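Line by line, the protein sequences give chains F, L, E and B.
With the first sequence counted from 1, adding 200 to any position gets you my numbering.
With the second sequence counted from 1, adding 3 to any position gets you my numbering.
With the third sequence counted from 1, adding 129 to any position gets you my numbering.
With the fourth sequence counted from 1, adding 278 to any position gets you my numbering.
Reviewing the structure listed below.
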Amino acid sequence: MSEKLALIWPEFLLFMTTCVVMLTGQWPNASVRRLTPWLCAIGLIAAGGASMMAPPGDGLFPGLMGYSKLLTAGIGLMMLPLLVGTVDRKVERLAAEGVPFQPIRSNGAEFYAFFLFSLTGLMLVSSADDLIWLFLALELTSLPTYIMVTISTQGTRSQEAGIKYFFLGALGAAIFLYGFALLYGAAGSTDIPEIAAHFQANGVGSIGLLGILISLVGVAFKVAAVPMHFYTPDVYQGAASPVSAMLAFVPKAAGFLAIFMIAGVAGWGEDGRLPAEVDALLWIMAALTMTVGNVLALLQSSVKRMMAYSSVAHSGYMLVGVLAGPGIAGADAPFWQNGLAAVLFYLLCYGVMNLGVFGVLASLERRGEEADEIDDIRGLCKTVPHLGWVMVICSLSLLGFPPLLGFIGKIGLFTAGVSSNNIPLVLILGLNSAIAAFYYLRLVGAVYFEPASDTGFRASPYGSRHFASLLSAAGVILLLFVGNGLIKSADNASRPDSPTSEAAPPETDYRAGDDLHAGHG
Amino acid sequence: MNPIWLILMVLVPIAGALLVAFGNARNAYRDALFASFASLVPALMALLEFDFTDSASFQGLWSVGWLEPLGLSLSIGVDSIALLLILLSVLLGPICVLASKTAITENRRLYYSWLLVLQAAMVGVFASRDLILFYICFEFTLLPMFVLIRMFGSTNRVAASTKFFLYTFTGSLVTLAGLVYVVYFAAQRNGEWSLDIGVLTTAAAFMSPGEQALVLGAMLAGFAVKVPLFPVHTWLPLAHTEAPTAGSVILAGVLLKLGTYGIYRFAIPMAPVGFVEYAPTIAVLAVIGIIYAGLICWIQDDIKKLVAYSSVSHLGFCVLGLTAVNATGLSGSVLYMLSHGFSTGGLFLMIGFMYERYHTRDMRRVGGLASKMPVWSFFMVFFAMASVGLPGLNGFPSELLCLISAFQADASWVAAGEPGAAGVTLGPWYAIFAGTGMVIAAMYLLIMVGRICFGPLTEPEGHHAHDVLPDDLNLREIITLVPLAAGCLVFGLFPGLLLDAIQEPVNQTVRLVESAQELALPRPGAGPETDAGVLMILDEAGAEGANP
Amino acid sequence: MLTAGVSEYGLPASVLAPYLFVSAAMFVIGLIGFLTRKNLIIMFLCTELMFQAAGLALIAFGRHHLGEDGQTFVIFVLCVAAAEAAMALALVVLLFRRRETLSAEAWKELNG
Amino acid sequence: MIAQTLSGTFLQPTLAMAPDVPAGIGTGPKWVLLIPFLAALAACLNGVYAAMGNKTRLPAWTTVALLAVSFFATLAMAMGFDGNAYTVKAFDWIQVHGESASFIANFSFYVDTLTIYWMLFVTGLATLIALYASEYMNHDLGVSYCRFFAAFGLFVFSMACLVMGDNLVMLYLGWEGVGLCSYLLIGYFYKKPEAVAAAKKAFIVNRVGDLGLALGLYLAYVHFGTVEYSVLFSDEKLLAYVEAAKVGAFDQIPAMAQWIALLLMVGAFGKSAQFPLYVWLPDAMEGPTPVSALIHAATMVTAGVYLIARFYPVFLISEHALPIVAWIGTITAFLAATIGMAQFDIKRIMAYSTVSQLGYMFAGLGVLTPTGGAYHVLTHAFFKALLFLCCGAVMHGFAGQLDLRKLSGIRRVPGWGIVSLGMLVGCLNLAGVPFTAGYFSKDTILAEAFVTPGASMIGWILLLTAGMTAYYTFRVFFRVFVGPTHYEAGDDHHDHDDDHAHGEEHHHDAGEHGDHHADGFHPHAPGWAINTVLAVLTVASLAATGLYFVGGSKDLGYKTKHYADTMVSASTASYHSPYSAHAFHDDHHGDDDHSGDHADDAHKALAGVGPRGAIDEPLMLFGKDPHKVMYYVSGIVGAIGIALAWVFHYAGRKTAGECRMDGVARLFGPIPRWAENKWYVDELYDAIIRIPLRVASHLMHWFDKLVVDGLVNLAGMMPRVFGWFVRPSQSGVLQGYAAGMVGGVAILLVVIVLAVRLGGGS
């Protein structure tokens, strides 16, 4: 058991930080309170560092942990400056005016703590090797976000978003829990590699298949795939932009990692394909998800809603990678065949570029209200040039415009899709990217070409939010130069365990050259 | 040839763009002019250093890894065709800057920097030896053009730019799928993932005819839109009409050629059997385009729209030459790519100069300018004649070769051993119908010239002299036109300068198609020996392009 | 199907089936309740019902396989359900303060 | 003068052929390139003058001087010609070296007797007419003057390329080049909408013909693998076909080879204004008169004749080509004559007479006498240029007046003597009055038509046309140059011409105008340049008669009759009809002495083309030598025509406007009006070609906008429509979402299970 603890050092560190943050977040002394984000950052950095040193896990994808945790920590670190100033504005203002600080009125502690909790959950998902663990980790990822959505603004919209998110989330959780139960029933074990081995040895069986299908659709809620996508626009729009940015990444990443595991349980067969039913489910889901997401995004005038639908669509793109699986050659599959690696890399790209758009929205304010409508950002390149340019770059990247990060990510999905012989799906993906161009181009057009509309939005006083936006745009460009290493690590992370192993694999060291694990001795 | 020149041709405009973008707005024009002239230097060096005796092999090869797991590398190199197209792109740079001096009065920094970025991207397209790098540059050209139209276009610019972007972008994404399939196929065949165009070309010929047809379809989805081929041409008149003058010049001069270049470089060698199979269909579309767009030109009142539709018609000839898949046709087509830019680019400049003075493009409102603008009219007639395909000017040799190639490419004639027959895809009827395009071209261009230059002088009501520009062309404008006019004349009289240079690569492509044909449809009695021979030819053809 | 891996001391398939049936019925009842009842609290209770349906299935399967995994899982599910219940109540109270109603249909400002 | 030079000086060297020449085509001296390129230089220099804003007559002098040098170079070329065709290459032009087939068309020139024959009168007339134009155009000094002479020089260059080019592509270059110059010069008065329209029409109609030429070029290339004359005409395949054609075995000649001539023919019809493509030529008279004289009478329009003559072997091997050429020529000749009879604009009458005479030339080619055709080209070039220049002088002098009802008795106006004399000589030639050059050349064609089997109908029509020609020619002469002196100023075509301003001031409406000319309008008598040119041309037209009697030769192995015959027979156009009237003058029949000796030289082998089908006995007309019969018959017919003109248009005429013909014309009802309106052919073309096409264009434009672009927009709208369709699901109601989720999952599961199970799984 104790050796298993070594796997969750990053989570442990984050948990420690969370505890500290809970305290500092409501410390009577304002300067201590102001330290909270910094403490979060330290925790994230520490967790990131620890994840680099993490040994390979014993789940289906031994390498997944290191990459995912580092990714989590990294994107979390980028989000952190954006979160600053989301809650407690009134409380802090009053405190600055000399009114005594009332912890009971403050949400800061929970907010940061829940943020870290959620990230912890995400990290735990990546190290899950057991259904129970997976279930708990998924819940840990989601539950804090329900609260964060609700408290992110003072308006009723957040509360509406929170209630919808929570109830539908609970429904989704019930569904995948039931699926897990069936999985357990079919395989007689909750240990994921054991289940996989069992299925491989004895066939999936109808209960097992039902379990897989139900688990998949349940988890699809987390990635906002059709038909579990309905909550997305409402929740994203209702929540404050920083929280929406987080929602677009954290649960999605958790969901995809879980989908990896569940699909991995079903197994990509000799021909590199999932069992027919699972394959069909993911195929239809992928096609519908990207299409529905994009066509609905087209109709939006609210940027947040548009981005929510675009988030749905991006999940659809990534499902193509899941379908492709780790490639026919199994552990030896090169990156271009490895759909899972493509998904992992795309998650990184998406996390970085998506942040920029929400960051821009969060960096524009009118009496404490964040920008939302497309009218609010018109002519941004003239009024607030740096935000305008962030918007242009991130939109183009989301659009998959070469040579930006989004394009590179999409290329991976393209090659994986083609190599797994899902060419119709790849064409749908291509056409959907074109549909997406309609509305991303509208964003670009609005900020770059159109005259500024005087809706009263000004640059937010929270410099850290501008910083986060700029960071995102810089990431979109600069990561291109280190893309090589990132792709390699995504590739290594998604290497499945030896596909023919009968039981839980022994700890392997074939990833010795992995640069993410360079420190591991 | 030293790859540094190719690299510089990309970097100099980009540096220029940065200089302009962050420099003083008042100096934007001057800086841009400097940068565009400066990029002529590496172009000239490349031209001098290029070994034309070995024009089919790629020279100036240079490669540096980028995203290795994806096989994506920055690898460049040019054969003579790519080099010439690059030179055309670079040459248009200063012309476009010069032509914009008085036309663009606001946002100059943006304008000139995007113009320079566009130039760099165009060079990148032709210089790429990496498939995805090609695609990146290919797509990237959309952005500057989009900005130029959207920001500096005329009244309907938003719709035009959006349509331009979305239409071509949509097509290109399907192309990407096709290209990736080729890569995947090659990777399976070679056991190694490579994006090197040479490697891919070698491997792709082994695709089954069915696969080739699909790949061809996917490639055409992007390239045909870009050309543009009937019936996917409707974005072009709109984009041309709304674009600023320099934008139209570049669009007509180079960007449309990306489509035909794509067909030449990718569709033909990578899906040779499929291309030969579907060449008649493509050719029918090209011929329809020639006649259809020509007739539409006839009744246009908007002079710029007229010239825009004429581009559709003209590019039909270019595609026709490609579909003949013989030496004459490919030579003619490549020649067309090079020369069309001079004449049509010239026409767009002329229209731009007129527009600056009269602020209208409606031939009902302005006409008979010969009496007021004799120099302008001279050039107008000159470029119109080049566009008509008057022998002695640049349009003629290419049009002639394209038509001959279609005419001669009759399978029954080849079988009968006619000495002038080559190619099996088309036949005389294609040339006959396409040939009516020559008559129609004369019709609409002469009517255009007749209305705009000749007849009684008509000026829009309330017209007053431009506050900067004289009635007729000024020296700067003439200097802008002279290189294009000289190009028209020189390449009309000495097309051999270009034809000789492109002969080898073209022949090699023809060889490749023929070998692939034999590979796919082995003649009875062809033993393994023949197959080996075919393989050798294919490998040799591919190896020419392979990076060391 | 279910015979695979069944221990000879485990719950035989014939006895397992009714448990599963009940579990499925609970799940569906919960689902129907979730879809049809407007009251947020009742809706939440329905999700609890669905959770417990899964729990029942887990226990039955656990007995079938004679492993402790199923029961362990149920314990954790109960914990999570409790945590969710706490959150649900907090949320519902918050919302009630705003709108003075517990109807789920009172919240449809965000749509499209 | 020129004719004397031709006949006297260098006719002999032309025929001084070495008996044994090596096979193949040699390379000629490079200075031959001067001929075309001097003209090009003239064009360039004029361009420079225009750019410099020259306002003197320097452009004219430059052009005249350079063209004169070019002419003398041509003379030198003629004199230096040793009987062997040669090529001179300027530079490589279009070359594609494919693996299986190469396409080579160099910028190079081919010189044989036909080339020399044609170039002599092209450069000679061009020089003279440039001189004429130097005066004629002087009201336009300045940029326009430069423009005129630049186009003029360019025309001569293009014409030289056409005639001298050594391959079909060069010919095509010249072909389109002369078309361009024609366009530029017809549209010289570019402010006049009619001029612009006429220019456009000329170019576009010609392009239709050019398409035929181009296709013929392609087919020739495909079939023979080359477009170079030096290779093409010695191609063994072609020679074999010709042999087959000799014995009438057309079934041995592939249809493809026979089609070449049919396609080339279309080009010839366009350029030489043959039916049905003749409509552009009358309108082309909107150009300045020197242009009409040079381009639209003497040289450019004969390019079609040149093309057929040059490709005579190719036409011979085509079963239907020459008969079609003959019939088209005949129909054109007749039709144009009928229209010419009813016109009142003297320049248009000349234009229709040109069309008609071109028809004669085509008929001549068609009835197997390329010699007759070529000889008529030469005589016609001189006398028609003369006629046009005279008309031009009238137009120049009378402020643009060209209506023969408003001019009369010009002969007696001081200073118009040479013009009137020139006119008379020209008219005599055109009418085919005995012992003029026109008489002999027309006679040759007529005689051949009557003796060629199956062509006698052609002969009769041509004979009738000859009478009509005589009538309308002298109609002009009798009305305009003789009779009571009377004139009215025209509505000055030359807007800038101050000299004529008073002409305009005193212009009177024709209806109220009486018969005097003394109210201030003074005709502007031609100056020395015009008079000199007219005098030279008058002499030359007369002297051309002499060519009928000199220059015969036996050096080809058989006897040629006269200079034109010699020149044509020594070229690729060589063909002596077995039915030929010439045969009666020859010592022996051509059949046996053509072949053999010169078979090594392909060109001479072609020169020996024998009969198309064997004949047993010479054909006779009325039991006599047809040629001699024709001397009398055509003389009589011409005389009748002139007499009719005299009766109706001269005898008893008191005023300019009225004559006996007016009464006669009424007898024919509306027919004269129809003829005056050119039988409504233009309107017909409008109705069946232009208007339908235009309607089609509009339809296509709408189709493009609505359907093609509409579909694109529709496709662009589809995502949006789909979005609207899906959007209601996002109702914002929590339970709606839940229902969507659950329903969606249920449907998904069912669909999957069904799909996989029914699809057989995989």
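Just so it is clear, CB atoms sit at the ideal spot from N, CA and C, and this is done for glycine as well.
Fair warning: this is a prediction, and the values are worked out from it, not measured in the lab.
Across the set VAL426(F), VAL682(F), VAL590(F) and GLY588(F), the C-alpha of VAL682(F) shows the shortest separation from the C-alpha of ILE608(F). When Cβ pairs closer than 8 Å are counted between the two stretches, the segment 320 to 338 of chain L is seen not to touch the segment 372 to 380 of chain L, the count staying below three. PHE202(E) belongs to the set of residues whose beta carbon lies under 7 Å from a beta carbon in chain F.
Counting the other CB atoms within 10 Å of its CB gives GLU470(F) a total below 16, which places it among the exposed residues.
ALA412(L) has its alpha-carbon roughly 15 Å from the corresponding atom of PHE502(B). Taking C-beta atoms under 8 Å as the contact rule, ILE595(B) and VAL520(B) qualify, at a distance of about 6 Å.
HIS979(B): member of the alpha helix (DSSP H) spanning 969 to 980, first to last residue.
In the DSSP assignment, LYS367(B) falls within the unbroken beta strand (DSSP E) covering 364 to 375. Judged by DSSP secondary structure, LEU70(L) falls within the beta strand (DSSP E) whose first and last residues are 62 to 70.
Considering only LEU741(B), ALA993(B) and PHE666(B), the residue with the shortest C-alpha distance to ALA411(B) is PHE666(B). Here PHE622(B) is near ASP681(B), since their CB atoms are less than 7 Å apart. By the criterion of at least three beta-carbon pairs nearer than 8 Å, the segment 663 to 681 of chain F is in contact with the segment 280 to 287 of chain F. Taking C-beta atoms as the reference points, LEU497(B) and VAL811(B) fail to come closer than 7 Å. As DSSP reads the structure, THR838(B) sits in a beta bridge with SER831(B).
Close to chain B, meaning a Cβ-Cβ distance shorter than 7 Å, are the following residues of the segment 487 to 513 of chain F: VAL492, ASN494, VAL495, LEU496, LEU498 and LEU499. DSSP lists GLU506(B) as the bridge partner or partners of ASN445(B).
Distance from the CA of ASN168(E) to the CA of GLU569(F), rounded to the nearest whole angstrom, comes to 31 Å. What TYR187(L) touches in chain F, judged by beta-carbon distance under 8 Å, is TRP536, THR615, VAL618 and SER619, going in chain order.
Neighbourhood of GLU477(F) in chain B, by CB distance below 8 Å: ILE1030, VAL1031 and VAL1034, in chain order. Its chain contains HIS840 as the residues whose beta carbon lies nearer than 7 Å to that of PHE827(B), once the 5 sequence neighbours on both sides are disregarded; these appear in chain order. Any Cβ of chain L closer than 7 Å to the Cβ of ALA634(F) would place that residue at the interface, and such an atom is present. The three-state secondary structure of HIS764(B), taken from DSSP, is strand. Cβ-Cβ separation between GLY916(B) and GLY710(B): approximately 4 Å, consistent with a contact (criterion under 8 Å).
When C-beta distances to chain L are compared with 9 Å, the residues of the segment 638 to 649 of chain F below that value are PHE638, LEU641, ARG642, VAL644, GLY645, TYR648 and PHE649, in chain order. Looking at the DSSP output, VAL81(L) sits in a beta bridge with GLN62(L). By the neighbour-count definition (other C-beta atoms within 10 Å, threshold 16), SER211(L) is an exposed residue. Residues are counted here when their Cβ sits less than 7 Å from a Cβ of chain L; for the segment 919 to 940 of chain B the count is zero.
Residue environment for GLU402(L): buried (at least 16 other C-beta atoms within 10 angstroms of its C-beta). With 16 or more other Cβ atoms from the protein chains shown falling within 10 Å of its own Cβ, HIS764(B) counts as buried. Nearest to GLY490(B) by C-alpha distance, out of GLY935(B), ILE949(B), TRP558(B) and LYS549(B), is LYS549(B).
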